[in-house]
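These protein sequences, in sequence, are chains A and B. Position 386 of the first sequence, counted from 1, bears residue number 386 in our numbering, the numbering being contiguous throughout. Position 521 of the second sequence, counted from 1, bears residue number 521 in our numbering, the numbering being contiguous throughout. C-beta atoms are modelled at their ideal positions from N, C-alpha and C, and glycine is treated no differently. None of these values were measured; they are calculated from a predicted model. Everything on this sheet refers to the single structure shown next.
Number of protein chains: 2
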Amino acid sequence: MAEVRNILFIMCDQLRADYLGCYGHPHLRTPHIDDLARRGVRFASAYCQSPICGPSRMSFYTGRYMFSHGSSWNNYPLRVDERTMGDWLRALGRRAVLVGKTHMMADRDGMARLGVDPVSDLGVLVSECGFEPVERDDGLHPDMSVDPELAYNTYLRERGHTGANPWHTAANSTTGDDGESLSGWYWGHSNRAARVEERDSETAYMTDRAMRFIDQAGDEPWLLHLSYIKPHWPYIAPEPWASMYEPGQVIPVVRSPAERTEAHPVHAAFMRHPDSTLFNRPDARDTIIPAYMGLVGQIDHHVGRMVRFLEERNRLSDTMIVFTSDHGDYLGDHWLGEKDLFHEPSIRLPMIIVDPRAEANATRDTVDDSFVEAIDLLPTFVEAAGGTVERHWMEGRSLAPLLHGARPEWRDHVITESDWSGRRARADLGVEPWDARAFMVRTRRWKYVLHQAFRPQLYDLERDPEEFHDLGACQDHTAVRAELHEVLFAWMRGRRLRVTVSDERIRALPGAESRGILIGYWKPCDP
Amino acid sequence: MAEVRNILFIMCDQLRADYLGCYGHPHLRTPHIDDLARRGVRFASAYCQSPICGPSRMSFYTGRYMFSHGSSWNNYPLRVDERTMGDWLRALGRRAVLVGKTHMMADRDGMARLGVDPVSDLGVLVSECGFEPVERDDGLHPDMSVDPELAYNTYLRERGHTGANPWHTAANSTTGDDGESLSGWYWGHSNRAARVEERDSETAYMTDRAMRFIDQAGDEPWLLHLSYIKPHWPYIAPEPWASMYEPGQVIPVVRSPAERTEAHPVHAAFMRHPDSTLFNRPDARDTIIPAYMGLVGQIDHHVGRMVRFLEERNRLSDTMIVFTSDHGDYLGDHWLGEKDLFHEPSIRLPMIIVDPRAEANATRDTVDDSFVEAIDLLPTFVEAAGGTVERHWMEGRSLAPLLHGARPEWRDHVITESDWSGRRARADLGVEPWDARAFMVRTRRWKYVLHQAFRPQLYDLERDPEEFHDLGACQDHTAVRAELHEVLFAWMRGRRLRVTVSDERIRALPGAESRGILIGYWKPCDP
């Protein structure tokens, strides 16, 4: 099969699957992303491996479940010897380049032990998931800890925005009725426009930066990870996106009073987080969500720019384009804000793949309902770049068969994990960090969540698609829970922790005898 | 509590627990090891984490289960970023030194990726479980692949043994009736003496080497891993040990015809290995086992020398002495040779610990039946050296409370794992390398073995202490199997794969707010 020359891997941050036109949003207009879906395959059942930026991304970048790579929350470092997307693709002759966010935290202890200098070329790659950091920007820059060298701030200053941290005071702040500056850290300010022009906002800036790289790369093949910071909070959009949507276009909240009366203790603890209780304000969703929609619309606009840019350079025919997100956003559903837990708004991903190869012509403009996981992208990229998927490291499956219209045997469930040891709920519930963990399996019909320190949760997605009724303690569902419990155990037994030896190498291992080691021989004449 | 200054960590290779006087052997005389048991605590229920040299030792050296460290068979490399005994003890001011065998295979791919030169000081430590290799000798040196620089061969040549490989032709060969040389690779030659003097045999040589290190170390505190190669095959003992025991002193074989008629497929496949069928010869055990007993007696003799040596240097009062093995040897029991599977002769370890501290006086000359695992030694050493057991890496528990007479809550089961992907049984059974794995849990009453690709095994150790009756398919024991199955799942969920962050660090993590990241705030005036 022909190789794909370039891979454009676009990721949004905290973009719910259902906040795109092609995924059924009734009001949000995303014509360019919808166009990608027409050019390729839209996966309707794609899931993150963890509904938190850091661990989700480490799964994308390693092709491994969170349990296996171990970087289970934001800023919990990725072990220095985990192989990453950059490692695998660079070995296949692609420049692997980052523009935007990864949430990677380098394993400084591991690097120090092995003498890897963080500022060496090697140290930088190891610290950046193997990507050349053309521009690394994780998108959250509080005044008290902003990097004085932040490139985006330098850019904003060149564009006339003064101050120590125009990321905050210009791009992520807005203007009050009296002309005063209002910080985007406060979500009550989300219904006003950013203090930057559209073309100077983060999404525009990162798109420009990616285009500049593509032009600079010339004929070198690449994997470009264009990783947008939005629509993650601060929920501040520039005009015209800030005014694009109005409260009347906000889709209804998905929550039921019943959810609060007998809430699972972990769900209940998360309901008490300020990012959740804030959505109990009657004006919260109408203030925040139009901005969120505007930020998505803006990303759509720049995706369109990028596609035209590639078209003008005759790169559409040899570039695979992927559009996805790291996880969703509750936005008040299930009485929750943020993410962390396992309801669909949190764990379901948008996932569109445009494969330029002729083999993919049969599937263009189709929707594939197969269960897809974040860890499938790396094997997909490796296959597209002509490589072999090393299954002792990569736990996902190449999506090439699905993209090319085959009907392979496919998984019948997805796995998502959550480590909430870093969240307020842990202290609230009085559990040790180690016990603040949960494992989810979702099948076509069921969703089962196994908590380390609490009773399980169970949802019947056929009868209760909104996930209002937790059957985790219901006597009638003992057998279903037991079956899904065993699915989780079987999954866990299969984790690829024997990473230093492949099955292929084991099959080819010479026996001990070939090295002269005799085992179980009696006498030379009497073997 | 006072620290222990030095740690002498003696390991034998393939020494069954029941082949020592103090563990109840009726004929084998091990007065010096028995004396250690009188000076300290003899653990009667100690188990290896895997009944194979490599993975068992990697568990000893990392303090982690095989599932966690991933080095699951001989020569499957230990990932380069696993922390090892040498790392931890050196950080506590002890020279960590190896004399003898580790079966460590360096992770050359991982080292190359991170720029670690294998011949640098760092590279050597990383390649040797963190030990300074005063003398690394894994003990198997076939003529076709012997290291021309092997120190023991140089020594033997100095002692007058000529040839390319006197390890084989002198130390591990014997002499036939006509004066001809007979190779120890053939187990039928085991009832004749080695062609070296006792003082030039491997056990004597390694003991001398260890003593030389101790004298050279002077006042520097150390952890010395004296890792004997015997009584592992080649089963060739020097005189007087070769003639010390006779067939009449061999304890009866433990096997039942019933075991063969309805054998579990994996057990059956291992019964067909040549190292197993060899024991079907009527003369096999009488030929081999007296030599095995002689090799154990010889180790005992040198342990006695070592204790006297330390006594003469006034080191007994500040040196912890540990005596153990990496796994057992079937020696024909259960129709098997070698090890690999989960019967007691294979997985149970001798484990004697002499703690010189006053706190341990109350437990001297006692037997402790607590379930001890190989992974407990590293935490025990770290505690003894005044360090903190880092539980995000180390999965074992310090034995100090048991050594000091406390009665802490303790585990009620042990775990042993086996990866037999490298053994002939795999091809014989037609399974993929990845499926050639099994997990065992042993409680006081039961032993349950979960096979990846076959039905489980179950033994009732109360009614069937000899493990003759496999209840793995018995309808009457469904509930017991389910319970033990869940014990294994709970164990697996607890594996420490989030190695880059400790619970302590998580508890102390500053909240996002302390860095200026506000989550879920509405307005400054209305938080």
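In the three-state reduction of the DSSP assignment, A217 (chain A) falls in the helix class. One thing to note: S68 (chain B) has its Cβ no nearer than 8 Å to the Cβ of P77 (chain B).
For the pair of segments examined, the stretch 191 to 202 of chain B was found not to touch the stretch 259 to 267 of chain B: the number of CB pairs separated by less than 8 Å stays below three. DSSP lists B:T324 as the beta-bridge partner residues of M351 (chain B). Under the 10 Å beta carbon count, N172 (chain B) is surrounded by 16 or more other beta carbons and is classified as buried. Interface flag for H273 (chain A) against chain B is set, since a Cβ pair is found closer than 8 Å.
Pairing Y155 (chain A) with T175 (chain A), the inter-Cα distance amounts to about 21 Å. Against chain B, the CB of Y521 (chain A) has a partner CB under 8 Å away; the residue lies at that interface.
Looking from the CA of I375 (chain B), the closest CA among B:W393, B:V367 and B:A44 belongs to B:W393. Taken in chain order, the members of the stretch 495 to 511 of chain B whose beta-carbon sits within less than 7 Å of a beta-carbon on chain A are L497, R498, V499, T500, V501, D503, I506, R507 and L509. Secondary structure at Y459 (chain A): strand, using DSSP grouped into helix, strand and coil.
Taking 8 Å as the cut-off between beta carbons, the residues of the stretch 274 to 303 of chain A near chain B are P274, D275, S276, T277, L278, R281 and A284, in sequence order. DSSP places Y292 (chain A) inside the alpha helix (DSSP H), whose first and last residues are A284 to E312. Beta-bridge annotation (DSSP): T175 (chain B) is paired with B:S181.
Measuring C-alpha to C-alpha distances from S50 (chain B) to each of B:Q216, B:A291 and B:H327 identifies B:H327 as the nearest.
With at least 16 other beta carbons inside 10 angstroms of its own, G123 (chain B) counts as buried. In its chain, beyond the 5 residues on either side, N6 have a beta carbon closer than 7 Å to the beta carbon of R315 (chain A).
Interface annotation for the stretch 429 to 441 of chain B against chain A: E432, P433 and W434, criterion Cβ-Cβ distance under 7 Å.
Within chain A, the residues R515 and G516 have their CB atoms less than 8 Å from the CB of M144 (chain B), given in chain order. DSSP, reduced to helix, strand and coil, places R426 (chain A) within a helical segment of the structure shown.
The beta carbon of G24 (chain B) sits closer than 8 Å to the beta carbons of D18 from its chain, once the five residues preceding and following it are set aside; these are given in chain order. Counting along the chain, the unbroken alpha helix (DSSP H) around M492 (chain B) starts and ends at T478 to R493. Counting only runs of 3 or more residues that sit fully inside the stretch 130 to 154 of chain B, the beta strand (DSSP E) segments are 132 to 136, in chain order. If only uninterrupted beta strand (DSSP E) runs of at least 3 residues are considered, those enclosed by the stretch 374 to 420 of chain A are 414 to 419. For A242 (chain A) against A204 (chain A), the beta-carbon gap comes to about 14 Å, at or over 8 Å, which does not count as contact. Annotation note: the stretch 8 to 65 of chain A contains the following uninterrupted alpha helix (DSSP H) runs of length 4 or greater, listed N- to C-terminal: 31 to 39 and 53 to 62. The straight-line gap separating the alpha-carbon atoms of L98 (chain B) and P133 (chain B) is approximately 5 Å. Ranked by Cα distance from E486 (chain B), the first of B:M440, B:R424, B:R39 and B:A151 is B:M440. One finds nothing in chain A with a Cβ atom closer than 7 Å to the Cβ of G332 (chain B); even the nearest lies about 12 Å away. For M492 (chain A), the nearest beta carbon of chain B is closer than 8 Å to its own beta carbon.
In the displayed model, L316 (chain A) falls within a helix according to three-state DSSP. Comparing alpha carbon positions, the residue from B:G160, B:D35, B:H32 and B:A46 closest to P345 (chain B) is B:A46.
Contact annotation: in the stretch 181 to 199 of chain A, residues whose CB is within less than 9 Å of a CB in chain B are L182, S183, W185, Y186, W187, G188 and H189. Around the Cβ of R113 (chain A), a 10 Å sphere holds 16 or more other Cβ atoms; the residue is buried. In the DSSP assignment, H267 (chain A) falls within the unbroken alpha helix (DSSP H) covering P265 to M271. Residues of the same chain with a CB within less than 8 Å of the CB of L488 (chain B), apart from the 5 flanking positions on each side, are I415, F439, V441, Y448 and L450 in chain order.
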